[in-house]
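Here the structure comes first, spelled out in structure tokens, and everything after it is commentary.
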Amino acid sequence: MRRKRWTLFPPRSTPILRPTRLPYEESSVFSRIDLLHAADDETFVEKSAPRMVILEPGDILLVPKHWWHFVQCLDDGCISVNTWVDLQSDRDDKLSESIISAVISMTKNHLTGHLLNINDDGPDLSDIMNLINAFSSDAPNIEYDENPGDQFLEKFLSKFSDSLIEIPLVNRENYKKQMESRDDARNKIDEDELNERSIVDAIVNAETIAVIKRLLLARKNK
23 MRRKRWTLFP
33 PRSTPILRPT
43 RLPYEESSVF
53 SRIDLLHAAD
63 DETFVEKSAP
73 RMVILEPGDI
83 LLVPKHWWHF
93 VQCLDDGCIS
103 VNTWVDLQSD
113 RDDKLSESII
123 SAVISMTKNH
133 LTGHLLNIND
143 DGPDLSDIMN
153 LINAFSSDAP
163 NIEYDENPGD
173 QFLEKFLSKF
183 SDSLIEIPLV
193 NRENYKKQME
203 SRDDARNKID
213 EDELNERSIV
223 DAIVNAETIA
233 VIKRLLLARK
243 NK
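Taken in order, the sequence shown gives residues 23 to 244; the numbers are from this note's numbering.
And the structure:
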């Protein structure tokens, strides 16, 4: 048997999980919280509302958009197949991610190597401007009444509605019990790297990217 434990957190838990884009990996957001030891804080589980499930071979898990997930292999040789359902609402996220990727690409030569996990040279700036054009108010309407991904999701949920099981919330006691096989070794980060992380995190913070995106759209719409 090859099993995986999935711990899921709703989007509203994002401030508690303290998101970071480092080490940088395209389209990935990490938590600065040590999730293995997180329940040592008496209020963490109550505030973050985690849900936990162990997937057996043949199980299918549907992870809603923007839900955090922490995955652990419980057996050697775990293999899983993931697929991304492309939703119409993803367009805004794609624009934000392209801007982040461009910023990282332009600054990567000044960053510590292990803070990056880049498999390409980043997006071409023209690709970003194409997305900006799609968002501008004077662009042709590219919204569709029906999106293939949205249709697929609706059909999937309808077809398997009788087989769907909602993952239950987990309390602090069970959270700690499930994580009891943790490794107590905690990595220390030196001051220089900590400063570097703080600066880069501020630059690619969601609020910063939102301002950049808004300014680009405003310039395009003038």
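Just so it is clear, CB atoms sit at the ideal spot from N, CA and C, and this is done for glycine as well.
Asked	Found
So F31 and W90 are in contact, right, with Cβ under 8 Å, and what is the actual spacing, rounded?	4 Å
With which residues is K26 paired in a DSSP beta bridge?	L77 and C95
So, R27 versus V93, is the Cβ gap smaller than 9 Å?	yes
Just curious, the alpha helix (DSSP H) that Y46 is in, first and last residue?	Y46 -> no alpha helix (DSSP H), and no H or E assigned at all.
For N72, which of helix, strand or coil comes out of DSSP?	First, the amino acid is wrong: residue 72 is Pro here, not Asn. Coil, per DSSP.
May I ask you to verify whether the stretch 179-197 touches the stretch 94-103, counting CB pairs closer than 8 Å and requiring at least 3?	no
Determine whether the beta carbon atoms of A228 and S118 lie at a separation below 9 Å.	yes
Is the distance from the Cβ of V222 to the Cβ of I126 below 9 Å?	yes
Can you tell me which of the three DSSP states L191 falls into?	strand
Can you tell me where the alpha helix (DSSP H) with I121 in it begins and where it stops?	D112 to T129
Candidates I225, M128 and H88: which alpha carbon is nearest S111's?	H88
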